[in-house]
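Residues in the sequence shown are numbered consecutively from 3, following the numbering used here. Report on one structure; see the data block that follows.
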Amino acid sequence: MPTSRNTKGDRLPDTTGNNPNPNDTAKQNYTATRQGNDHGSISFGRIHQPADVTSAVNLETPDARHAFFLDKDGPRKGWTTSTSPGNFQVECGSDNEEAQDSLMLNAKNGNILIVATNGKIRLQGTDIELIAVGEGGSKGNIRLKATENIETDSKKLLMNAKNNYKLATSGLGEITSNSRLKIYGSIIQGVTDACAKKDSKNGGQRYQKQNNQV
3 MPTSRNTKGD RLPDTTGNNP NPNDTAKQNY TATRQGNDHG SISFGRIHQP ADVTSAVNLE
63 TPDARHAFFL DKDGPRKGWT TSTSPGNFQV ECGSDNEEAQ DSLMLNAKNG NILIVATNGK
123 IRLQGTDIEL IAVGEGGSKG NIRLKATENI ETDSKKLLMN AKNNYKLATS GLGEITSNSR
183 LKIYGSIIQG VTDACAKKDS KNGGQRYQKQ NNQV
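Here it is, written out as structure tokens:
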């Protein structure tokens, strides 16, 4: 049965001289079919315009930006791609109960990227849970990074660190409580830059230097 050529999809010309087709950098097949009209079309075995990938199933509208591809070879082998110039919406779970899992996105290997190039990302639900599962210091982490601010607005902010926690800033730090402020520690040590030149009786100079490293 005829199949697409150049299934590796490297698009590099053959330099061995053993290739019977001198144009084998482009995909070829002789079984592609298409059905459609002025409203849209569906095709099987269509080759994408750069000629590097064969689409097993290609669903298109008159607007080329509005399409659905199931690619079968080349650099996008096994890819499923949906493009839309407008909104992309998914709705499910109308007949499910609240505790059921209605929508699942599972990447067995690799990362999941959710990117809003020019907009906001909102997560809304009765509860939101962030769970990181991994072993060792390089996995099982949740990292928050913002170029400007990280803000919280809630009735309570509860944090529990089993081994260690640290709050640090190179600028101004404040702790404010308008009712009562409690601080407890088996040992409480306060260190200022006053011990930078001459160490204190409690040996605070070492701690002062650790927290003033560039």
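C-beta atoms are modelled at their ideal positions from N, C-alpha and C, and glycine is treated no differently. Computed from a prediction, not measured in an experiment: that's the story for all the values here.
Kindly examine the ligand SAH and report whether one of its heavy atoms sits closer than 6 Å to the Cβ of F71.
Ligands in the displayed structure: none, and consequently the ligand SAH is not present.
What are the start and end residues of the alpha helix (DSSP H) that includes I208?
Correcting the residue identity first, residue 208 is Arg in this sequence and not Ile. Note, R208: alpha helix (DSSP H), 207-212.
How many angstroms separate the CA atom of N180 from the CA atom of G206?
30 Å
Using CA atoms only, rank isn't needed, just tell me which of Q215, E150, L132, A118 is closest to S2.
In the structure displayed, the chain extends from 3 to 216; residue 2 sits before or after that span and is not available.
Where G38 falls: helix, strand or coil (DSSP):
strand
Cβ separation of N31 and I44, assumed to be a contact under 8 Å, to the nearest whole Å:
About 17 Å; that fails the 8 Å criterion.
Three-state secondary structure (DSSP) at A58?
strand
Would you say A148 and G142 are within 7 Å of each other, going by their C-beta atoms?
no
Which ranges does the alpha helix (DSSP H) cover as unbroken runs of at least 4 residues, wholly within the region 69-106, from first to last along the chain?
none
Buried or exposed, going by whether 16 or more other CB atoms sit within 10 Å of the CB of V117?
exposed
Using the beta-carbon count (16 or more within 10 Å), is I189 buried or exposed?
exposed
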